[in-house]
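Worksheet for the structure shown next.
Number of protein chains: 2
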Amino acid sequence: MMRAMGTRIADTIRERIEQMIVTGEFADGERLDEVKLAEQFGVSRTPLREAFQSLAASGLLTLEARRGAFIRHPDFVELVEMFEVMAELEAMCGFRAARRVSEQQMRDIGRTIETCEAAIAMGDFDEYYRENETFHHLLYEASGNSFLAREATRLHKRLKPYRRMQLRVNGRMPQSMREHRAIHAALEQSDGKAAAATLRQHVAIQGERFNDLMASYRQMAPRKTG
Amino acid sequence: MMRAMGTRIADTIRERIEQMIVTGEFADGERLDEVKLAEQFGVSRTPLREAFQSLAASGLLTLEARRGAFIRHPDFVELVEMFEVMAELEAMCGFRAARRVSEQQMRDIGRTIETCEAAIAMGDFDEYYRENETFHHLLYEASGNSFLAREATRLHKRLKPYRRMQLRVNGRMPQSMREHRAIHAALEQSDGKAAAATLRQHVAIQGERFNDLMASYRQMAPRKTG
DNA sequence: GTCAAACCTCTTGTATACAAGAATAATGAA
DNA sequence: TTCATTATTCTTGTATACAAGAGGTTTGAC
Numbered sequence: 010m011m012r013a014m015g016t017r018i019a020d021t022i023r024e025r026i027e028q029m030i031v032t033g034e035f036a037d038g039e040r041l042d043e044v045k046l047a048e049q050f051g052v053s054r055t056p057l058r059e060a061f062q063s064l065a066a067s068g069l070l071t072l073e074a075r076r077g078a079f080i081r082h083p084d085f086v087e088l089v090e091m092f093e094v095m096a097e098l099e100a101m102c103g104f105r106a107a108r109r110v111s112e113q114q115m116r117d118i119g120r121t122i123e124t125c126e127a128a129i130a131m132g133d134f135d136e137y138y139r140e141n142e143t144f145h146h147l148l149y150e151a152s153g154n155s156f157l158a159r160e161a162t163r164l165h166k167r168l169k170p171y172r173r174m175q176l177r178v179n180g181r182m183p184q185s186m187r188e189h190r191a192i193h194a195a196l197e198q199s200d201g202k203a204a205a206a207t208l209r210q211h212v213a214i215q216g217e218r219f220n221d222l223m224a225s226y227r228q229m230a231p232r233k234t235g
Numbered sequence: 010m011m012r013a014m015g016t017r018i019a020d021t022i023r024e025r026i027e028q029m030i031v032t033g034e035f036a037d038g039e040r041l042d043e044v045k046l047a048e049q050f051g052v053s054r055t056p057l058r059e060a061f062q063s064l065a066a067s068g069l070l071t072l073e074a075r076r077g078a079f080i081r082h083p084d085f086v087e088l089v090e091m092f093e094v095m096a097e098l099e100a101m102c103g104f105r106a107a108r109r110v111s112e113q114q115m116r117d118i119g120r121t122i123e124t125c126e127a128a129i130a131m132g133d134f135d136e137y138y139r140e141n142e143t144f145h146h147l148l149y150e151a152s153g154n155s156f157l158a159r160e161a162t163r164l165h166k167r168l169k170p171y172r173r174m175q176l177r178v179n180g181r182m183p184q185s186m187r188e189h190r191a192i193h194a195a196l197e198q199s200d201g202k203a204a205a206a207t208l209r210q211h212v213a214i215q216g217e218r219f220n221d222l223m224a225s226y227r228q229m230a231p232r233k234t235g
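Here it is, written out as structure tokens:
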């Protein structure tokens with residue numbers, strides 16, 4: 010059987026299942042069958058269960074005692090709550106980055122903005138999406154607080170499926186780019202408060218975006234099975 | 010062999026090891042021996058490994074591939090970083106609680122403050138410590154954001170061993186109580202900004218507290234073994 | 001026909017067996 | 001004596017076997 014040498018099977022499995030979850034491959038309430046997945050990946054249940062543990066701990070799925078592992082999409086309220094925390098974490102990153110960001114990091118951030126804009130012009134949404142992610146990760150790093158950066162990354166990943174469905178909303182991308190530029194400018198001027206405020210607004214679900222999210226949420230997760 | 014019926018062994022084990030870690034039972038860099046712990050608890054390695062996974066995910070220990078599970082106390086820089094994030098999360102809770110806190114919750118919060126003060130007067134440090142924890146948990150709940158509350162609780166738990174060593178510092182407890190009262194007052198007046206600012210200052214490591222923490226940290230974790 | 005209880009099946013939880021990588025001890029050469 | 005290399009042991013990672021709870025199904029009573 011295929012063995013990825015040198016690395017733990019459990020970790021590989023975790024990565025793969027995480028990808029599947031994050032790209033929305035499972036429906037809400039769906040149960041992940043241990044034996045089915047095990048033979049699908051060509052491994053035993055053991056590394057699979059380890060992967061489940063790990064995924065459950067990051068909140069990507071829920072383990073119910075003697076019932077199994079379930080995909081539990083956050084309900085709408087919880088989703089808004091999560092974006093609320095994400096907004097604050099990013100604001101915090103921005104505030105700190107304004108003092109601590111290096112010139113190299115500023116160049117990197119500037120580059121992602123340009124690449125993003127080019128991607129929009131070419132209609133390359135995947136590229137836009139990727140570079141948008143890079144922008145935010147660079148920001149987390151620039152905060153100078155590695156613990157904060159890790160936590161922000163974790164939540165960012167967890168929100169991935171729901172951020173994705175937002176991007177396609179009409180007119181969102183140009184607006185988003187304006188905000189990226191504003192953040193960049195605030196960092197350049199070492200204006201922590203401005204960076205924080207812009208980021209908070211950039212990420213938070215409020216005003217029209219609340220309705221946009223609600224609409225696409227209804228489409229994506231029409232009903233809780235659990 | 011003893012079986013805790015109705016509940017998963019792995020979860021029980023997790024709780025117990027978590028307690029051991031949080032009360033500082035393990036030295037920094039120490040490796041947790043699977044087989045030793047397994048026979049100590051009278052179970053097989055399987056639930057133990059599940060507990061390790063779970064604990065690793067909350068950051069309480071580190072799994073190194075084919076090396077084992079290690080206690081890795083954060084170094085001083087990381088500890089300050091963590092408190093920085095904790096301060097911001099609590100500030101966030103306070104800000105939101107100022108709008109959303111219920112009258113019942115206000116009464117509960119008020120009660121913990123009184124119990125705390127009584128405990129100080131009687132020299133009952135354990136009681137003080139417990140009620141102090143309750144105060145903060147009530148605050149998390151009062152934020153009205155259950156996701157935020159969970160995240161705050163998680164980090165709070167992770168910082169437990171290091172907060173403990175701070176409390177004994179001379180004069181810290183009365184100062185802490187004054188801050189609790191100020192927070193309570195800010196909530197009563199629905200002054201979110203004041204509540205946030207006081208909490209940020211209450212939790213953050215700055216000024217004299219920086220030196221206090223550094224001193225007690227040196228005492229507690231004199232050297233990294235890894 | 002409907003409801004309840006016992007039975008069976010299916011899935012998870014735990015234990016044990018086996019494989020393979022790391023650490024360490026032992027052996028030999030310089 | 002010291003260093004390198006090999007052999008041995010120990011520990012983790014994975015697979016499989018076994019136990020037990022949850023869910024569904026059949027059977028029986030009303």
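If you're matching them up, the sequences are chains A and B in order. Following our numbering from start to finish, the first sequence increments by one per residue and tops out at 235. Following our numbering from start to finish, the second sequence increments by one per residue and tops out at 235. Beta carbons are placed, not taken as given, at the ideal position from N, Cα and C, and that holds for glycine. Bear in mind that the values here come from a model prediction, so they are computed numbers and not experimental data.
| Asked | Found |
| --- | --- |
| Members of the region 101-114 of chain A that neighbour chain B once the beta carbon cut-off is set at 8 Å | M101 |
| Neighbourhood of A47(A) by C-beta distance below 8 Å, restricted to the same chain and skipping five residues each side | S53, R54, L57 |
| Rounded separation between R17(B) and E73(A) - CA only | 10 Å |
| At least three beta-carbon pairs within less than 8 Å, the region 114-124 of chain A to the region 133-153 of chain A | yes |
| Three-pair Cβ contact test at 8 Å for the region 61-75 of chain A versus the region 110-120 of chain A | no |
| 8 Å Cβ cutoff met for L208(A) and A107(A) | no |
| Segment contact, 8 Å Cβ cut-off, at least three pairs: the region 212-225 of chain B with the region 86-106 of chain B | yes |
| Nearest neighbour of S67(B), chosen from G38(B), R40(B), K166(B) [CA to CA] | K166(B) |
| Segments assigned alpha helix (DSSP H), at least 4 residues, entirely inside the region 165-229 of chain B | 169-176, 181-197, 201-212, 217-229 |
| Close Cβ partners of F79(B) (< 6 Å) along its chain, the five nearest in sequence each way excluded | R40, T71 |
| 6 Å Cβ shell around R81(A) - same chain, five flanking residues per side excluded | T71 |
| Chain A within 8 Å of M91(B), Cβ atoms only | yes |
| Of the listed residues F85(B), Q184(B), F61(B), nearest to T21(B) (C-alpha basis) | F61(B) |
| Own chain residues within Cβ distance below 6 Å of F35(B), not counting five before or after | I80 |
| Same chain, Cβ closer than 7 Å to N154(A), neighbours up to 5 away in sequence not counted | R105 |
| Option in K45(A), F92(A), F50(A) with minimal Cα separation from A161(A) | F92(A) |
| Own chain, CB closer than 8 Å to E197(B), minus 5 neighbours either side, in chain order | M115 |
| Per-residue burial, A65(A) [other beta carbons within 10 Å of its own, 16 or more giving buried] | buried |
| Distance cut-off 7 Å: T207(A) Cβ against heavy atoms of the ligand ADP | This structure does not include the ligand ADP; it has no bound ligands of any sort. |
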